[in-house]
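Counting from 1067, one number per residue, gives the positions in the sequence shown under the working numbering.
Take a look at the structure set out below.
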Amino acid sequence: MAENDAYADYHKLPSFIKVFSRSRNKEGLRLPPLWVAEHGSDLPVDCSLLMPNGLNEDEEDNEVYTPDIDSSDDSVPSDVESEATDKSDYDGERGALDDDEYPTWTLKLTKSNTKRTIEIPIEFWELHIRDAPNQNVVHFLVDGQTWRILLKHSGGKIWVKHGWRRFKDANALFPGIRCNFKLVDAQDVHFYVWFDRP
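If you want it as structure tokens, here you go:
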């Protein structure tokens, strides 16, 4: 690419990730407030992209979401997994805020949760995602790739029902790896995920 190419600096521009849903974003898409504060000096703090004419009729979202057949679909996490989750680095008192003010929770993978599924700490969910108490779809973002994860709320636990095996295999996860989940969008529930490998 030539140095004076108009597209050479395109990938250096500030960006954010947002999953678009035809059902939720019919009329507009809210830009993340922190992104607006850092990079949108000429934009209002609460900023949305609006469709020029909106949609005049209700359109059904005909997307077909297939479950992760290999996942442990309806297996409720065992007590062993709950103990592993309790040993995560989530600190309810501190609110688990990282240096950049996004709430973060950490989980060290064990043999049990690597093989079956993981839980999201209920304290974290109630503190940071209280506006979507029964949300059953979340997104994990890793290195520019997004995984749609289905959750199950049952017995005071929130656990991954579909998508864990595919996510685990694609990211080569195994016991001993520490997974960090940073909540970057509490409205649509998106977690930026990175791994500390032993």
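Quick reminder that beta carbons are idealized off the backbone N, C-alpha and C, glycines included.
Between residue i and residue j, what straight-line distance do the alpha-carbon atoms span, to the nearest angstrom?
{"i": "Arg1244", "j": "Trp1225", "result": "17 Å"}
{"i": "His1256", "j": "His1205", "result": "5 Å"}
{"i": "Gln1201", "j": "Trp1213", "result": "16 Å"}
{"i": "Ala1238", "j": "Leu1249", "result": "22 Å"}
{"i": "Asp1236", "j": "Gly1210", "result": "Note that residue 1236 corresponds to Ala in the displayed sequence, not to Asp. Approximately 13 Å between the Cα atoms of the pair."}
{"i": "His1219", "j": "Arg1182", "result": "16 Å"}
{"i": "Thr1172", "j": "Leu1079", "result": "29 Å"}
{"i": "Arg1263", "j": "Lys1177", "result": "15 Å"}
{"i": "Gly1106", "j": "Asp1197", "result": "26 Å"}
{"i": "Lys1084", "j": "Gln1253", "result": "11 Å"}
{"i": "Tyr1168", "j": "Ile1195", "result": "12 Å"}
{"i": "Gly1221", "j": "Asp1075", "result": "50 Å"}
{"i": "Phe1261", "j": "Asp1251", "result": "19 Å"}
Since residue i contacts residue j with CB under 8 Å, what's their CB separation in whole angstroms?
{"i": "Glu1185", "j": "Lys1223", "result": "6 Å"}
Tell me which residues share the same chain as residue i and place their Cβ nearer than 8 Å to its Cβ, disregarding the 5 neighbours each side in the sequence.
{"i": "Phe1240", "result": "Leu1175, Thr1180"}
{"i": "Ile1215", "result": "Val1203, Val1204, His1205, Phe1206, Val1226, His1228, Gly1229, Trp1230, Phe1233"}
{"i": "Glu1282", "result": "Any question about residue 1282 goes unanswered here, given that the chain covers just 1067 to 1264."}
{"i": "Leu1217", "result": "Ile1186, Gln1201, Asn1202, Val1203, Val1204, Ile1224, Trp1225, Val1226, Lys1227"}
In the DSSP assignment, find the beta strand (DSSP E) that holds residue i and state where it starts and stops.
{"i": "Leu1249", "result": "1244–1251"}
{"i": "Lys1078", "result": "First-last for Lys1078: undefined, no H or E at that position."}
{"i": "Leu1239", "result": "Here Leu1239 belongs to no beta strand (DSSP E), and DSSP marks it neither H nor E."}
Excluding the 5 residues flanking residue i on each side, which residues of the same chain have their C-beta closer than 7 Å to its C-beta?
{"i": "Lys1234", "result": "Thr1180"}
{"i": "Val1130", "result": "Low per-residue confidence applies at Val1130: pLDDT is 45, beneath 50, and the placement is therefore not dependable enough to give any value."}
{"i": "Val1259", "result": "Phe1206, Leu1207, Val1208, Cys1245, Asn1246, Phe1247"}
Closer than 6 Å by C-beta to residue i: which residues in its own chain qualify, once you throw out the five before and the five after it? Chain order, please.
{"i": "Phe1082", "result": "Pro1098, Trp1101"}
{"i": "Gly1242", "result": "Pro1264"}
What first and last residue would you give for the alpha helix (DSSP H) that runs through residue i?
{"i": "Val1255", "result": "Unbroken run through Val1255: none, as it is neither H nor E."}
{"i": "Thr1180", "result": "1177–1181"}
{"i": "Leu1100", "result": "1099–1105"}
Those runs of the alpha helix (DSSP H) which lie wholly inside the stretch 1183–1230 and span at least 4 residues: Runs of the alpha helix (DSSP H) spanning 4 or more residues and lying entirely within the stretch 1183–1230 occur at 1188–1194, in chain order.
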